[in-house]
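Everything below concerns the one structure shown next.
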Amino acid sequence: MRKIYIAGHRGMVGGAILRQLQARKDAGEALELVTRTRAELDLTDQAAVRDFMRSKAPDVVILAAAKVGGIMANNTYPAEFIYENLMIECNVIHQAFAAGVQQLLQLGSSCIYPRDAAQPMAEEALLTGPLEPTNEPYAIAKIAGIKLCESYNRQYGVDYRSVMPTNLYGPGDNFHPQNSHVLPALIRRFHEATRDGAAEVVIWGSGKPMREFLHVDDMAEASLFVLDLPRDVYAANTHPMLSHINVGTGRDVSIAALAQMVAEVTGFEGRLVFDRSKPDGTMRKLMDVSRLADMGWRARIDLEDGLRETYDWFLEQERLRS
């Protein structure tokens, strides 16, 4: 029986990975799934993570835990974003190694790439230029996670892999009006405007930046696909010092077009106003997903279908809270 520890199982991505692993278990695969809440295990506490890894001795670790947020949160709390993410990665990756874990999958972010990287962004663009200033601390932490995995692979011969998703959305997302990413923030804003009969919705920035969006269930499926790749196949498609794999759809949409889609899904019929005094962030962040496609995986959930499913989930959560 394979024992898998999912760090961050209450987050959007970790939760989706847990659901898919549970489905495998229910179908008869010999799995023991290990989880801990933040209250049960503080991943920034080195001694606590050491004791946990020693006592549970998992065969596989999936590191989906992270401190995440949108532009406003990254700008407001840069110290927390770099510190907490570095501590989580250092503790989980090192203590997994110390406990004899041979296989680990770390989830990162597309923000690791330079602000002005050529589009679409290939894995080879890593460390070739300055990062986007609004989320540089978070990006540096995620780059460090990649290099931790690569360094332990090179020195100790373990099999630690990294996947870098584009912007994610779906059930389990954070819809906080200030600290969420762009898509869930838009869903909440348009939902409230429709509910309240507002005449307009104000959107940060010019609406011109292009963004790629991947449904969280696709991300979970891709993560397990990469985790399950035979070691020789993974090695043949990567490089010891450039081993991460992009995960995305390979298609992007402008923020203005996205806002219009969200307006249609939520039933909003008023005006869209773009506040150009607010930052746009990087103008384009499209992932080159050819490496993963060549290995046999492609995204399957259409953005409009995914938006409708996500909005239905949001409405159900609002109903449960009322």
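Going by UniProt numbering, 304 is the number at position 304 of the sequence shown; the sequence numbering is gapless.
Glycine residues also receive a C-beta, built at the ideal position from the N, C-alpha and C atoms.
> The beta strand (DSSP E) spanning L107 covers which residue range?
Replying inline: 103 to 107 is the extent of the beta strand (DSSP E) around L107.
>> Quick check on the DSSP output: what are the complete beta strand (DSSP E) runs of length 3 or more inside the segment 194 to 273, in order along the chain?
In response: The segment 194 to 273 contains these whole beta strand (DSSP E) runs: 200 to 204, 213 to 215, 245 to 247.
>> Out of I140, I93, L63, which one is the CA nearest neighbour of A79?
In response: Of the candidates I140, I93, L63, I140 places its Cα closest to the Cα of A79.
>> Is the separation between the beta-carbon of M185 and that of G70 shorter than 8 Å?
In response: According to the sequence shown, residue 185 is Ala rather than Met. Yes.
>> Relative to the C-alpha of S206, which candidate in F190, I255, E212, A65 has its C-alpha closest?
In response: It is I255.
> What are the partner residues of L63, as DSSP defines its beta bridges?
Replying inline: Answer by DSSP bridge pairing, in chain order: A7, Q106.
> Using the beta-carbon count (16 or more within 10 Å), is T282 buried or exposed?
Replying inline: Around the CB of T282, 16 or more other CB atoms lie within 10 Å, so the residue is classed as buried.
> Quick one: Cα of T194 to Cα of I187, how far?
Replying inline: Looking at the backbone, the Cα of T194 and that of I187 are separated by about 11 Å.
>> Give the list of continuous beta strand (DSSP E) stretches no shorter than 3 residues that lie fully inside the segment 38 to 63.
In response: Within the segment 38 to 63, the runs of beta strand (DSSP E) at least 3 residues long that lie entirely inside it are, in chain order, 60 to 63.
> If you scan the segment 134 to 170 from start to end, which runs of the beta strand (DSSP E) of 3 or more residues do you find wholly inside it?
Replying inline: If only uninterrupted beta strand (DSSP E) runs of at least 3 residues are considered, those enclosed by the segment 134 to 170 are 159 to 165, 167 to 169.
>> Determine whether the beta carbon atoms of G170 and G145 lie at a separation below 8 Å.
In response: No, the Cβ-Cβ distance between G170 and G145 is not below 8 Å.
> Comparing alpha-carbon positions, which option in K142, T166, N237, R161 lies nearest G248?
Replying inline: The residue among K142, T166, N237, R161 with its C-alpha nearest the C-alpha of G248 is T166.
> So, Q20 versus L224, is the Cβ gap smaller than 8 Å?
Replying inline: Yes.
> How about Y138 and A125: do their beta carbons lie closer than 8 Å?
Replying inline: Contact: no.
> Residues in its own chain within less than 6 Å of L104 by CB, not counting five upstream and five downstream?
Replying inline: Within its own chain, the residues whose Cβ lies closer than 6 Å to the Cβ of L104, once the five positions on either side in sequence are excluded, are V61, A96, Y160, listed in chain order.
> Exposed or buried, V273, counting other C-beta atoms within 10 Å across all chains shown (16 or more means buried)?
Replying inline: Burial call: exposed.
> Could you check where the alpha helix (DSSP H) with L292 kicks off and where it finishes?
Replying inline: 290 to 295 is the extent of the alpha helix (DSSP H) around L292.
> Identify the residues that DSSP records as bridge partners of K285: which are they?
Replying inline: DSSP links K285 through a beta bridge to R211.
> So the beta strand (DSSP E) E318 belongs to, where does it begin and stop?
Replying inline: Careful: E318 lies outside any beta strand (DSSP E), inside the alpha helix (DSSP H) at 303 to 321.
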